[in-house]
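Novice: Following this message is one structure expressed as structure tokens.
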Ligand SMILES: Cc1ncc(COP(=O)(O)O)c(C=O)c1O
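Set out below in structure tokens:
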């Protein structure tokens with residue numbers, strides 16, 4: 067009999083967020099008619115903006131016309147989108163179209179990229195961190211080590227003494243809602259250069275950055291092109307969670323040692339891998355992604371991002387007025403909140419669900435160091451956000 071990839075059995079559940087989902091479904095079944103407010107989901111609540119929808123409609127019609135029909139061919143993405151990304155996102159950073167890969171989601175991209183590296187390459191994850199990196203490492207049978215993050219450091223990671231080969235950095239961070247300023251990221255680039263490491267830089271929340279000291283791309287830091295791969299997505303920026311479009315940058319300067327210690331250009335190699343395994347992202351969706359950069363679309367998209375950032379501000383102010391300890395929310399649509407009375411994440415999750423009918427994500431889902439915290443999403447509608455805070459205020463104001 068064919069043997070299984072037993073690494074798959076090491077995955078905790080099909081999707082750890084399902085634990086939350088199951089608890090919520092059970093609660094709903096037992097308490098029909100209750101108005102549950104969901105601040106847990108990481109999905110967006112606002113639709114795709116009108117300018118983008120119009121361009122996607124046009125793209126649909128193009129595919130129905132023999133003269134404009136498009137089929138296979140754009141393995142790394144259509145030139146119109148890659149060129150637009152270079153112009154709009156990497157202007158002045160000297161990134162070229164050939165270094166951009168268009169894909170179907172950063173979840174897929176940040177785990178697929180592991181195919182590039184030898185199985186023995188030691189992977190380093192922050193604890194807490196976005197759990198998909200861990201699952202990708204587990205499936206591919208890798209050794210994973212964790213670097214703990216501490217509240218007293220405001221969850222800014224400490225540069226490790228030991229040597230790690232692959233380091234995932236998510237900034238702005240899900241779940242922490244914080245973003246690393248340039249001086250902190252610079253330390254990681256220096257570390258990677260000194261240790262021959264690769265930084266896998268998950269920058270899907272880039273469009274939420276508001277602080278001047280937070281770089282919009284890791285390539286703003288000298289030397290980063292030699293050691294970092296950057297990932298970005300249209301999911302949260304443009305409500306593409308349901309239609310899937312992402313991109314990542316593999317700079318030409320990035321080289322690894324191959325057979326006989328020969329220096330290999332990773333970008334060229336990944337092109338071969340991409341042709342072998344991927345037939346390109348959907349044309350209609352790429353047209354939509356391209357349209358997000360049209361002058362008419364920009365203010366529409368900015369309004370959506372501001373809406374979520376205003377939600378975040380509202381949540382932060384409401385909770386801080388009740389003496390909660392709150393992190394994040396200024397450069398990302400997430401808030402990382404300390405539970406009350408030293409309660410565990412799950413106990414506090416249960417309390418909020420049962421007493422206030424509010425759903426959040428228990429912090430321990432993102433790693434042991436996430437216990438005694440919850441993650442609150444600012445991606446819900448304003449109504450749900452405001453009503454949730456009203457319920458929390460009403461409960462705690464009695465206590466104060
Ligand atoms: C940090 C982080 N990376 C990646 C993703 C997945 O992005 P995509 O929808 O492009 O797969 C998410 C989605 O929640 C995320 O929070």
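Numbering (my numbering), first residue to last: 67 to 466.
By construction, the Cβ of each residue, glycine as well, lies at the ideal position given by its N, Cα and C atoms.
Quick one: residues in its chain with C-beta nearer than 8 Å to the C-beta of residue 371, no 5 flanking neighbours on either side, listed in chain order?
Specialist: To locate residue 371, count along the chain shown from 1; it is residue 305. Cβ within range, chain order: 273, 274, 303.
Novice: Under a three-way DSSP split, which group does residue 208 fall into?
Specialist: Sequence index remark: in the chain shown, residue 208 carries index 142 (1-based). Coil, per DSSP.
Novice: Quick check on the DSSP output: what are the complete beta strand (DSSP E) runs of length 3 or more inside the stretch 339 to 394, in order along the chain?
Specialist: DSSP runs (the beta strand (DSSP E)) wholly in the stretch 339 to 394: 392 to 394.
Novice: Assign residue 201 to buried or exposed, taking buried as 16 or more other Cβ atoms, counted over all protein chains shown, within 10 Å of its Cβ.
Specialist: Sequence index remark: in the chain shown, residue 201 carries index 135 (1-based). Looking at its Cβ environment, which holds 16 or more other Cβ atoms inside 10 Å, residue 201 is buried.
Novice: Among 416, 443, 404, which has the Cα closest to the Cα of residue 92?
Specialist: For this step, residue 92 is matched to residue 26 along the chain shown. That would be 416, whose Cα lies nearest to the Cα of residue 92.
Novice: Quick one: give me the first and last residue of the beta strand (DSSP E) that residue 192 is part of.
Specialist: Stepping through the chain shown from its first residue, residue 192 is reached at position 126. Per DSSP, residue 192 belongs to the beta strand (DSSP E) from 189 to 193.
Novice: Which residue comes first and which comes last in the beta strand (DSSP E) that contains residue 400?
Specialist: As a working mapping, residue 400 is identified with position 334 in the chain shown. It spans 400 to 404 - the beta strand (DSSP E) in which residue 400 sits, taken as one unbroken run.
Novice: Of all the CB atoms in chain B, is at least one closer than 7 Å to the CB of residue 314?
Specialist: This model lacks chain B altogether, as it is built from one protein chain only.
Novice: What do you reckon, is the C-beta of residue 188 under 6 Å from a heavy atom of ligand 1?
Specialist: Taking the chain shown and counting its residues from 1, one reaches residue 188 at position 122. Because no heavy atom of ligand 1 lies under 6 Å away, the Cβ of residue 188 does not count as near it: no.
Novice: Just to check, is the beta-carbon of residue 268 closer than 6 Å to a non-hydrogen atom of ligand 1?
Specialist: As a position in the chain shown, residue 268 is number 202, starting the count at 1. Indeed, a heavy atom of ligand 1 lies less than 6 Å from the Cβ.
Novice: Using beta-carbon positions only, say whether residue 265 and residue 225 come within less than 7 Å of one another.
Specialist: Here residue 265 corresponds to residue number 199 of the chain shown, with the count starting at 1. Here residue 225 corresponds to residue number 159 of the chain shown, with the count starting at 1. Cβ distance not < 7 Å, so residue 265 and residue 225 don't count as in contact.
Novice: Under 8 Å by Cβ, that's how I've got residue 170 and residue 310 pegged, so tell me the actual separation to the nearest angstrom.
Specialist: Counted from its first residue, the chain shown places residue 170 at position 104. Counted from its first residue, the chain shown places residue 310 at position 244. About 4 Å; that satisfies the 8 Å criterion.
Novice: Would you say the beta carbon of residue 299 is closer than 6 Å to some non-hydrogen atom of ligand 1?
Specialist: Position 233 of the chain shown, counted from the start, is the residue given in the question as residue 299. Yes, the beta carbon of residue 299 sits closer than 6 Å to at least one heavy atom of ligand 1.
Novice: Going by alpha carbons, who is nearest to residue 157 out of 282, 129, 187?
Specialist: To locate residue 157, count along the chain shown from 1; it is residue 91. Answer by Cα proximity: 282.
Novice: Count the C-beta pairs between the stretch 348 to 368 and the stretch 112 to 123 that are closer than 8 Å, then say yes if the count reaches three, no if not.
Specialist: The stretch 348 to 368, when compared against the stretch 112 to 123, does touch it at the 8 Å Cβ threshold.
Novice: Residue range of the beta strand (DSSP E) that residue 441 falls in?
Specialist: Along the chain shown, one-based indexing puts residue 441 at 375. First-last of the beta strand (DSSP E) with residue 441: 439 to 443.
Novice: Which ranges does the beta strand (DSSP E) cover as unbroken runs of at least 3 residues, wholly within the stretch 224 to 300, from first to last along the chain?
Specialist: Entirely contained in the stretch 224 to 300, the beta strand (DSSP E) runs reaching 3 residues are, in chain order, 232 to 236, 264 to 268, 294 to 299.
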